[in-house]
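Residue numbers (the working numbering): 1 to 265.
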Ligand SMILES: [Zn+2]
Ligand SMILES: [Zn+2]
């Protein structure tokens, strides 16, 4: 059985098709998924999915790319984190990819928002789901400054260098691989996937984005996560069953999620 550790099922491409997606997940032996929150406005929908289905869980957080949305506070996130089936804080982090005409000084709001998430995670004892893009130095510096190793977490949809992977592991974080690891031009990332110890790896779809080969270009969904597992298995020279089992166990350990009985799927 496989776990999708990161998907956006409340986005319109997927939200109206949950029953069909769940059937596809069962057929593909994907037995669990973590549904990721990206705005406070979206949280109720994310949480409703986790409450409705035994094998879905939820996060609480505001994505660094989301501007003109309600700004999270430690108090607000702490309250959401206490709700049933909320197992992680995020996704949060830094994204300087869409700077446009702005300078890094003008992105202080993003760094402050990230700090709020880290402080919350430490306070509530739940792991962080970290998004970092074109901002790895600041991401790592802030994680260290805020004592994020006390909360732990995962660098999701990893696309950074070997050095950043090493730093993430040194902080006690896990590294999550998405469909990008199957893309033809992702040789550097495949080196990272060979390097990260299996007991620190997660797999994810980040759906509806980034569908793995052989579905590249389609709308992604959690039933495609076995293709990510197959790629990681091939890179590590392991049977896919071993990658499925290890990444599922890692998911349970990081998020404090129990193994799910077959009847719940
Ligand atoms: Zn992300
Ligand atoms: Zn995401």
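Quick reminder that beta carbons are idealized off the backbone N, C-alpha and C, glycines included.
For residue i, collect the residues of the same chain with a Cβ closer than 6 Å to its Cβ; drop the 5 residues on either side in sequence, then sort them by chain order.
i, result
"residue 25", "222 and 223"
"residue 198", "246"
"residue 76", "none"
"residue 208", "11, 13, 14, 219 and 220"
"residue 96", "134 and 135"
"residue 91", "36, 61, 63, 129 and 131"
"residue 205", "4, 7, 220, 222, 224 and 225"
What is the DSSP secondary structure of residue i, reduced to helix, strand or coil?
i, result
"residue 4", "strand"
"residue 247", "helix"
"residue 36", "coil"
"residue 269", "The structure shown does not extend to residue 269, since the chain spans only 1 to 265, so no value can be given for it."
"residue 26", "helix"
"residue 19", "helix"
"residue 198", "helix"
"residue 94", "strand"
"residue 112", "helix"
"residue 227", "helix"
"residue 263", "For residue 263, the predicted structure reports a pLDDT of 49, less than 50, and the residue's modelled location is therefore unreliable. The matter cannot be settled from this model."
"residue 232", "helix"
"residue 242", "helix"
"residue 41", "coil"
"residue 64", "coil"
"residue 258", "coil"
"residue 81", "helix"
"residue 222", "helix"
"residue 102", "coil"
"residue 70", "coil"
From the DSSP secondary-structure annotation, give me the bridge partner or partners of residue i.
i, result
"residue 76", "Residue 76 is not bridged to any residue."
"residue 87", "DSSP output for residue 87 lists no bridge partner at all."
"residue 57", "34"
"residue 207", "7"
Leaving out the 5 sequence neighbours to the left and right, which residues in its chain are closer than 7 Å to residue i when beta-carbon positions are compared?
i, result
"residue 43", "37, 60 and 80"
"residue 85", "50, 51, 57 and 58"
"residue 262", "Unreliable positioning characterises residue 262 in this predicted model, as indicated by a pLDDT of 48, which lies under 50. The coordinate reading is nonetheless provided below. Result list for residue 262: empty, nothing under 7 Å."
"residue 256", "87"
Could you name the residues of the same chain whose beta carbon sits closer than 8 Å to that of residue i, not counting the 5 residues immediately before and after it, in chain order?
i, result
"residue 137", "none"
"residue 27", "223"
"residue 41", "69 and 70"
State whether the stretch 164-179 contacts the stretch 144-155, with contact taken as three or more CB pairs (one from each stretch) at a distance under 8 Å.
-> Proximity of the stretch 164-179 to the stretch 144-155 meets the contact definition, three or more beta-carbon pairs being nearer than 8 Å.
In chain order, each beta strand (DSSP E) run of at least 3 residues that lies wholly inside the stretch 117-194 = Fully enclosed beta strand (DSSP E) runs of 3 or longer: 128-133, 153-155 and 174-177.
With a cut-off of 8 Å, do at least 3 Cβ pairs link the stretch 14-24 to the stretch 225-238?
-> The stretch 14-24 makes no contact with the stretch 225-238; the number of CB pairs closer than 8 Å stays below 3.
Give a yes or no on contact between the stretch 70-84 and the stretch 97-106, applying the rule of three or more CB pairs nearer than 8 Å.
-> The stretch 70-84, when compared against the stretch 97-106, does not touch it at the 8 Å Cβ threshold.
Say whether the stretch 240-248 touches the stretch 208-218, bearing in mind that this needs 3 or more beta-carbon pairs closer than 8 Å, one atom from each stretch.
-> Between the stretch 240-248 and the stretch 208-218 there are fewer than three C-beta pairs closer than 8 Å, too few to call the two in contact.
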